[in-house]
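Quick note: the sequence shown uses our numbering, first residue 6, plus one each step.
Every residue, glycine too, gets a C-beta built ideally from N, C-alpha and C.
Note that the structure is predicted; figures quoted are calculated from it, not measured.
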Amino acid sequence: MSTRIVLTLALCVIGLVGCSLPTVEVQTPEILPAVTETPFQPAEITPLPELVIVTPAFDNTPTASPELTFEQLRNSEYFTTRLGSSAPLTYRLKDGFHRLGDDPTQPDYGTVDLLNTHAFGDLNSDGQPDAVVFLVENYGGTGQFVQVAVVLNQAGVPVHLASYFLGDRVAVNNVTIQDGGIVFTARVHGPQDGLCCPSVPAQFQLRLINQNQLVVTRFTTQTPNGQERAINIRAPLNDSEVSGAITISGDVTIAPFENNLTYAVYDSQYQLIAQSYIMVDAPDFGAPGTFALTIDLVSLGRTGDIYIEITDLSAADGSTLALAQLHLKVRHP
């Protein structure tokens, strides 16, 4: 075969192959827009509210009792060791009055009247308002025996706790409660007074001790010219702790008869354990004076609470003209 024929056949074969191949589309790459980077900005954090832990507060203040009323006091229970009975007798007032028995000639007869004079205040240091009232007992005669009574406030209920008998027809003027004590003015009998008509102005101070005993801590009277007759204990201070031998010193506004005062020592239950006299140093009869008394506490054989009363007694009838009390706490030396 000639070279020309071979070359022609080769060209034909190449043409046929070229027609059978698929067409390849050449794609132009897409140019993406430029990316602008934004610097990282942390999100703003809103702080949470501060956690506050609240602990409930407990109120240790005692719950106040309802206040007593005078109407309650006029219809409350009281007791007495009199009214014809040797044992304590309990009775209830009705509108401020009580009567025992119907026949005034009989020994079991008696009446009780509640005076209008009264006061409210804390008397036993429990923070509750208590009361002080005055009761007048009659046993069928002319006597009108007056007592001052402490009425405690127990959850709004009046409870008669203790009394102090003042005497026959003592005329009470007014009363207050000051620093846990009872203070009132009255007229008491002088040596020349009839029982109907007390004329001597006096002031009483009383206080509860041992939570159930009512005692006089100070008593003063006035002379006809208006001068106060009083005893003042200057040392040691009231409620002091003491031991060994002590000297009690003080003064009087008016020197007693023959310059003699009396003193008495009581134990914690207010039982008498010693008594004697004190000499007053005064320049003249009836002038102001001073006194000093030394007591050997060891010889008393007591520790704990003791009470010392110094008294000016009337030479005419033995009645009390003035009194001062001292409370001491005796400890071992």
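Quick check on DSSP: helix, strand or coil for residue i?
{"i": "residue 128", "result": "coil"}
{"i": "residue 4", "result": "Because the chain in this structure spans residues 6 to 338, residue 4 falls outside the shown range and cannot be described."}
{"i": "residue 264", "result": "helix"}
{"i": "residue 4", "result": "A question about residue 4 goes unanswered here, because the residues of the chain that appear run from 6 up to 338."}
{"i": "residue 254", "result": "strand"}
{"i": "residue 277", "result": "strand"}
{"i": "residue 98", "result": "coil"}
{"i": "residue 298", "result": "strand"}
{"i": "residue 200", "result": "coil"}
{"i": "residue 305", "result": "helix"}
{"i": "residue 189", "result": "strand"}
{"i": "residue 110", "result": "coil"}
{"i": "residue 149", "result": "coil"}
{"i": "residue 7", "result": "Low per-residue confidence applies at residue 7: pLDDT is 48, beneath 50, and the placement is therefore not dependable, though the value from the model is reported in the following sentence. Looking at residue 7 - three-state DSSP - the assignment turns out to be coil, as it is neither helix nor strand."}
{"i": "residue 272", "result": "coil"}
{"i": "residue 103", "result": "strand"}
{"i": "residue 240", "result": "strand"}
{"i": "residue 39", "result": "For residue 39, the predicted structure reports a pLDDT of 46, less than 50, and the residue's modelled location is therefore unreliable. A value from the coordinates is still provided. Correct three-state label for residue 39: coil."}
{"i": "residue 322", "result": "coil"}
{"i": "residue 154", "result": "strand"}
{"i": "residue 290", "result": "coil"}
{"i": "residue 115", "result": "strand"}
{"i": "residue 234", "result": "strand"}
{"i": "residue 122", "result": "strand"}
{"i": "residue 87", "result": "coil"}
Taking residue i as the reference, give the member of the options with the closest Cα.
{"i": "residue 117", "options": "126, 127, 133, 141", "result": "141"}
{"i": "residue 198", "options": "221, 324, 308", "result": "324"}
{"i": "residue 345", "options": "295, 294, 307", "result": "Because the chain here runs from 6 to 338, residue 345 falls outside it and cannot be looked at."}
{"i": "residue 202", "options": "191, 211, 210", "result": "191"}
{"i": "residue 258", "options": "289, 136, 187, 304", "result": "289"}
{"i": "residue 182", "options": "230, 241, 124", "result": "124"}
{"i": "residue 309", "options": "291, 273, 301", "result": "273"}
{"i": "residue 299", "options": "326, 322, 241, 328", "result": "241"}
{"i": "residue 328", "options": "284, 304, 75, 210", "result": "210"}
{"i": "residue 315", "options": "303, 304, 321, 295", "result": "295"}
{"i": "residue 255", "options": "127, 239, 261", "result": "239"}
{"i": "residue 208", "options": "230, 184, 171, 185", "result": "171"}
{"i": "residue 132", "options": "152, 151, 138, 157", "result": "157"}
{"i": "residue 260", "options": "87, 228, 99", "result": "228"}
{"i": "residue 180", "options": "139, 160, 159", "result": "139"}
{"i": "residue 184", "options": "173, 195, 196, 129", "result": "129"}
{"i": "residue 189", "options": "224, 162, 148", "result": "224"}
{"i": "residue 284", "options": "148, 262, 302", "result": "262"}
{"i": "residue 99", "options": "93, 92, 251, 77", "result": "77"}
{"i": "residue 75", "options": "162, 195, 85", "result": "162"}
{"i": "residue 194", "options": "71, 104, 322", "result": "322"}
{"i": "residue 104", "options": "85, 159, 70", "result": "85"}
Would you give the residue range spanned by the beta strand (DSSP E) that residue i belongs to?
{"i": "residue 81", "result": "Taken as a continuous stretch (DSSP letters only), residue 81 belongs to no beta strand (DSSP E), as it is neither H nor E."}
{"i": "residue 166", "result": "162-173"}
{"i": "residue 228", "result": "Run containing residue 228: none; DSSP gives neither H nor E here."}
{"i": "residue 259", "result": "Looking at the DSSP string, residue 259 is not in any beta strand (DSSP E), and its letter there is neither H nor E."}
{"i": "residue 206", "result": "205-214"}
{"i": "residue 135", "result": "135-143"}
{"i": "residue 348", "result": "Because the chain is modelled from 6 through 338, residue 348 falls outside the range shown and cannot be assessed."}
{"i": "residue 181", "result": "176-183"}
Check the C-beta distance from residue i over to residue j and give it rounded, since I have them as a contact under 8 Å.
{"i": "residue 264", "j": "residue 287", "result": "6 Å"}
{"i": "residue 120", "j": "residue 177", "result": "7 Å"}
{"i": "residue 275", "j": "residue 214", "result": "7 Å"}
{"i": "residue 267", "j": "residue 318", "result": "6 Å"}
{"i": "residue 154", "j": "residue 83", "result": "7 Å"}
{"i": "residue 219", "j": "residue 136", "result": "The Cβ separation is near 13 Å, so there is no contact."}
{"i": "residue 146", "j": "residue 134", "result": "About 37 Å; that fails the 8 Å criterion."}
{"i": "residue 187", "j": "residue 253", "result": "Incorrect: roughly 24 Å between the Cβ atoms, too far for contact."}
{"i": "residue 101", "j": "residue 79", "result": "4 Å"}
Where does the unbroken alpha helix (DSSP H) through residue i begin, and where does it stop?
{"i": "residue 245", "result": "No alpha helix (DSSP H) contains residue 245, which is instead part of the beta strand (DSSP E) from 245-247."}
Taking 8 Å as the cut-off, does the CB of residue i come closer than this to any heavy atom belonging to the ligand HEM?
{"i": "residue 333", "result": "Only the bare structure without any ligand can be found here, which leaves the ligand HEM out of the picture."}
Legend entry - Three-pair Cβ contact test at 8 Å for the segment 326-336 versus the segment 245-253: The segment 245-253 and the segment 326-336 touch, with three or more beta-carbon pairs separated by less than 8 Å.
Legend entry - contact_flag[the segment 97-113, the segment 166-177] where n(CB pairs < 8 Å) is 3 or more: Cβ pair count under 8 Å is below three, so no.
Inset, instruction - Count the CB pairs spanning the segment 226-234 and the segment 265-285 that are closer than 8 Å, and state whether there are at least three. - result: Flag = no, the segment 226-234 and the segment 265-285 do not touch.
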